[in-house]
Every structure is written in C-alpha cells, then in structure tokens.
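Engineer: Top line first, the protein sequences correspond to chains A and B. Residue numbering for the first sequence is 1 to 148, as defined by the working numbering. Residue numbering for the second sequence is 1001 to 1148, as defined by the working numbering. Beta carbons: idealized from backbone N, C-alpha and C, even for Gly. Could you have a look at this structure, given as structure tokens, before my questions?
Number of protein chains: 2
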Amino acid sequence: MKLISSLTLAGAAWLLAQPALAQFAKPDQAIEYRQGALYVMGQHFGRIGAMVNGKVPFDAAAAQENADLVVVLAKLPWAAFGPGTEGGKAKDEVWKNPAQFKEGNEKLTAATLKLAAAAKTGNLETLKVAFGDTAAACKSCHDNFRQK
Amino acid sequence: MKLISSLTLAGAAWLLAQPALAQFAKPDQAIEYRQGALYVMGQHFGRIGAMVNGKVPFDAAAAQENADLVVVLAKLPWAAFGPGTEGGKAKDEVWKNPAQFKEGNEKLTAATLKLAAAAKTGNLETLKVAFGDTAAACKSCHDNFRQK
C-alpha cells in the first residue's frame, strides 16, 4: 500500500512538473490540445504503418520524416492531462493511476526514439519491428486509459 | 490575367506537391489534422505571447522550447488543405486563391524561423519583435482565409 501510494504520488508529481508545457487557461484547452497532438501524431504514425503494411510503397525519406515528427509529437500530450482536465476521451484511470499512466507515456516516448532510429537505417524490416513495438505502446495505453 | 492564372496554378500545384505529408484517407481526417496542428501550434505560440506580454515571467529556455515547437508545427497544416478538403473553419478563399494562401503559409514559416532564432538569443526585446512579426503573419492569413 505504501508502495502504491508513493508510485501514485510520483505520477501525480510528474503530471504537475511540466511547467513549460503545462499552461492551459481552461480545462477545455488542455483537452483540445492533447486530442490535437495525439491526432496529428496518429496520422504521421499511420503513414509509417501504411508503408510497413505494404499499402503504400516504402519511401525511406518519408518514413524518416514521419518518424521524426512522431518523436516530437509524442512528448506533447501528457502535460495536458493535469489535475482538473478530466474528460474528452480519457478514462478516469488517467487520474486514478497516474504512475501507471506515466509509465505508459514513457514507454511510448522511448519506443518513438527507437522508431526514428529504425527509420534512419532505411531498412524496411528494421522499421517493421520498431513500428510494431511502438504500436504496442500505443495500444497498451489506449486499452487502459482511453474510452472505447 | 495570365500572371494570375499561372500564380493560381503554382499555388494549386504546391498544395498537391506534398506527398509525404498529404496522405489523408478522408477529407474529415485532413480537417481534424490541420485543426489539431494549428491548435497545438497556437498554444505554444501563446505561451511565448504570455511572456512577451508580461503575463508570465520570461523564461528563456521555455521560450526557446516553445519556439522550436512552433517551427515544427507551422510546417504541418498546409498539406491538409488539399483539393476536396473544403470545410472546417476554412473559407473557400483557400481553394480559390491558392497562390495567395501559399504565400501566407510561407510568410508564417519564415516568421517562425526568425522567432526561434530570436528565442535563442535569450533577449526579451528581440523576442518581442519576432513575436509581433509572427503574430502579424498569423493574423493576415486568418483575416483572409479563416471564418470569423
């Protein structure tokens, strides 16, 4: 119980500790911001997906460009899940289990760095593996923290 | 008239010529994407505005971080104004005057590069000037191409 409490506190502290990026005048702005950032990220991630799934021809430069954008965008949404910003598509679990949410966010940002590194190799098979790992990080968080 | 036509064609060609970033399965996705990118950009630009307008203390590192994000985000929305994506908050003028729209997009992206350079100086007065110029580029396009 003590462990859970301290993990929860650590997560809550992390949600509060992003001063440069956590300045929203109103909760609705935070919700629109995080949904916008996640949507734009999803589009660029999806363009890599279309390549690794063979729906569009593999274009190494485009994959790299999209992966670099995913890296930048993957850092943004989490600061917009601060206290008092419940709602949108988020489950209450975001605020009930902030340590788990933080862990999921960090797994994603780590996965996106590997995705960008894989894209830089120009090797489609390498990219496929990194894409799968990143997609798993997306899905894990969605399963736990996003409403169906 | 010939000049106008060729400018219009140049603008239309530009809207079509962004293959890496212009892949939207449905018009609604393009609209959600561009609105998301513009909203996230506006939030980060607004954080610099809060500093140059004295609403929050000047934090040079935060200003630089936000300006760098504005540079990245300012490149994104325009590919999502392709043919058949009319609607959202955009006026029909986007598609009627693509050359003028393109010119506005390019003015903004150029202004954001100067904004980031100004932020890197760490000088608030320098940043104020660049912020004002960037805000003017935003406003000019909004006046012409965004619904009230």
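For chain B, is any of its Cβ atoms less than 9 Å away from the one on Ala37 (chain A)?
Structural biologist: Yes, contact with chain B.
Engineer: Closest Cβ-Cβ distance between Arg146 (chain A) and chain B: below 9 Å?
Structural biologist: Arg146 (chain A) does not count as touching chain B.
Engineer: Where Lys1107 (chain B) and Gly42 (chain A) are concerned, what is the direct C-alpha to C-alpha distance, given to the nearest angstrom?
Structural biologist: Between Lys1107 (chain B) and Gly42 (chain A), the C-alpha separation is close to 27 Å.
Engineer: In the DSSP output, which residue or residues are listed as bridge partners for Arg146 (chain A)?
Structural biologist: Answer is A:Ala90, bridged to Arg146 (chain A).
Engineer: Let me confirm a value: Lys102 (chain A) is counted as buried when at least 16 other C-beta atoms fall within 10 Å, else exposed. Which label applies?
Structural biologist: Buried, because 16 or more other Cβ atoms sit within 10 Å of the Cβ of Lys102 (chain A).
Engineer: Using only alpha-carbon positions, find the residue among B:Ala1118, B:Gln1100 and B:Gly1104 that is nearest to Ala1061 (chain B).
Structural biologist: Comparing Cα-Cα distances from Ala1061 (chain B) to each of B:Ala1118, B:Gln1100 and B:Gly1104, the minimum goes to B:Ala1118.
Engineer: Going along chain B, which residues have a C-beta under 8 Å from Val72 (chain A)?
Structural biologist: Going along chain B in sequence order, the residues near Val72 (chain A) (Cβ under 8 Å) are Leu1069 and Val1072.
Engineer: Which residues in chain A have a C-beta closer than 8 Å to the C-beta of Leu1076 (chain B)? List them in chain order.
Structural biologist: In chain order: Val40 and Leu69.
Engineer: Need the endpoints of the alpha helix (DSSP H) that Thr1112 (chain B) sits in, please.
Structural biologist: Counting along the chain, the alpha helix (DSSP H) containing Thr1112 (chain B) begins and ends at Pro1098 to Thr1121.
Engineer: Per DSSP, what kind of secondary structure is Pro1027 (chain B) in: helix, strand or coil?
Structural biologist: If DSSP states are grouped into helix, strand and coil, Pro1027 (chain B) belongs with the helices.
Engineer: Would you check if the distance between the CB atom of Ala1090 (chain B) and the CB atom of Phe1145 (chain B) is smaller than 9 Å?
Structural biologist: Going by C-beta atoms, Ala1090 (chain B) is nearer than 9 Å to Phe1145 (chain B).
Engineer: Taking 8 Å as the cut-off, does the region 1086-1100 of chain B touch the region 1119-1134 of chain B (at least 3 CB pairs, one atom from each stretch)?
Structural biologist: As far as the Cβ criterion goes, the region 1119-1134 of chain B does not touch the region 1086-1100 of chain B, which means the pair count is below three.
Engineer: Can you list, in chain order, the residues of its chain with a C-beta nearer than 6 Å to that of Phe1024 (chain B)? Leave out the 5 residues immediately preceding and following it.
Structural biologist: So the list reads Ala1030, once near-sequence residues are dropped.
Engineer: Counting only the same chain and skipping the five closest in sequence on each side, list residues whose C-beta sits under 8 Å from that of Ala226 (chain A).
Structural biologist: Since the first residue shown for chain A is 1 and the last is 148, residue 226 (chain A) is missing from the structure and cannot be characterised.
Engineer: Express the C-alpha separation of Lys1148 (chain B) and Ser1140 (chain B) in angstroms, rounding to a whole number.
Structural biologist: So the two alpha carbons sit approximately 13 Å from each other.
Engineer: State the DSSP-derived secondary structure class of Thr1085 (chain B), mapped to helix, strand or coil.
Structural biologist: DSSP places Thr1085 (chain B) in coil when its eight states are reduced to three.
Engineer: Counting along the chain, where does the alpha helix (DSSP H) carrying Leu1073 (chain B) start and finish?
Structural biologist: Element bounds for Leu1073 (chain B): Ala1060 to Ala1074.
Engineer: Would you tell me roughly how many angstroms separate the C-alpha atoms of Val94 (chain A) and Leu76 (chain A), rounded to the nearest one?
Structural biologist: Going by the C-alpha atoms only, they are around 16 Å apart.
Engineer: If we define contact as Cβ-Cβ less than 9 Å, is Glu1032 (chain B) a contact residue for chain A?
Structural biologist: With 9 Å as the cut-off, Glu1032 (chain B) counts as an interface residue toward chain A.
Engineer: If distances are taken between C-alpha atoms only, which option among A:Met51, A:Pro27, A:Leu73 and A:Leu69 comes closest to Asn105 (chain A)?
Structural biologist: Selected option, being the one with the closest Cα: A:Leu73.
Engineer: Rounding to the nearest angstrom, what Cα-Cα distance links Gly1132 (chain B) and Gly1049 (chain B) in this structure?
Structural biologist: About 9 Å.
Engineer: Please identify, using Cβ separations under 8 Å, the residues of the region 1094-1121 of chain B that lie next to chain A, in order along the chain.
Structural biologist: Cβ contacts with chain A: none found.
Engineer: Would you please verify whether the beta carbon of Ala1136 (chain B) is less than 9 Å from any beta carbon of chain A?
Structural biologist: No, its Cβ sits nowhere closer than 9 Å to a Cβ of chain A.
Engineer: Can you find the residues in the same chain that come closer than 7 Å, C-beta to C-beta, to Lys1026 (chain B), ignoring five residues on each side of it along the sequence?
Structural biologist: None.
Engineer: Take the Cβ of Asn53 (chain A) as the centre, count every other Cβ of all protein chains shown within 10 Å, and call the residue buried at 16 or more, exposed below.
Structural biologist: So Asn53 (chain A) counts as exposed.
Engineer: Alpha carbon to alpha carbon, what distance is there between Val1071 (chain B) and Thr1109 (chain B)?
Structural biologist: Roughly 7 Å separates the two Cα atoms.
Engineer: Buried or exposed for Ala136 (chain A), please, with buried defined as at least 16 other CB atoms from any protein chain shown within 10 angstroms of its CB.
Structural biologist: Counting Cβ neighbours within 10 Å, Ala136 (chain A) comes out exposed, since fewer than 16 surround it.
Engineer: Output yes if chain A places a C-beta closer than 9 Å to the C-beta of Ala1050 (chain B); else output no.
Structural biologist: True, the Cβ-Cβ gap to chain A drops below 9 Å.
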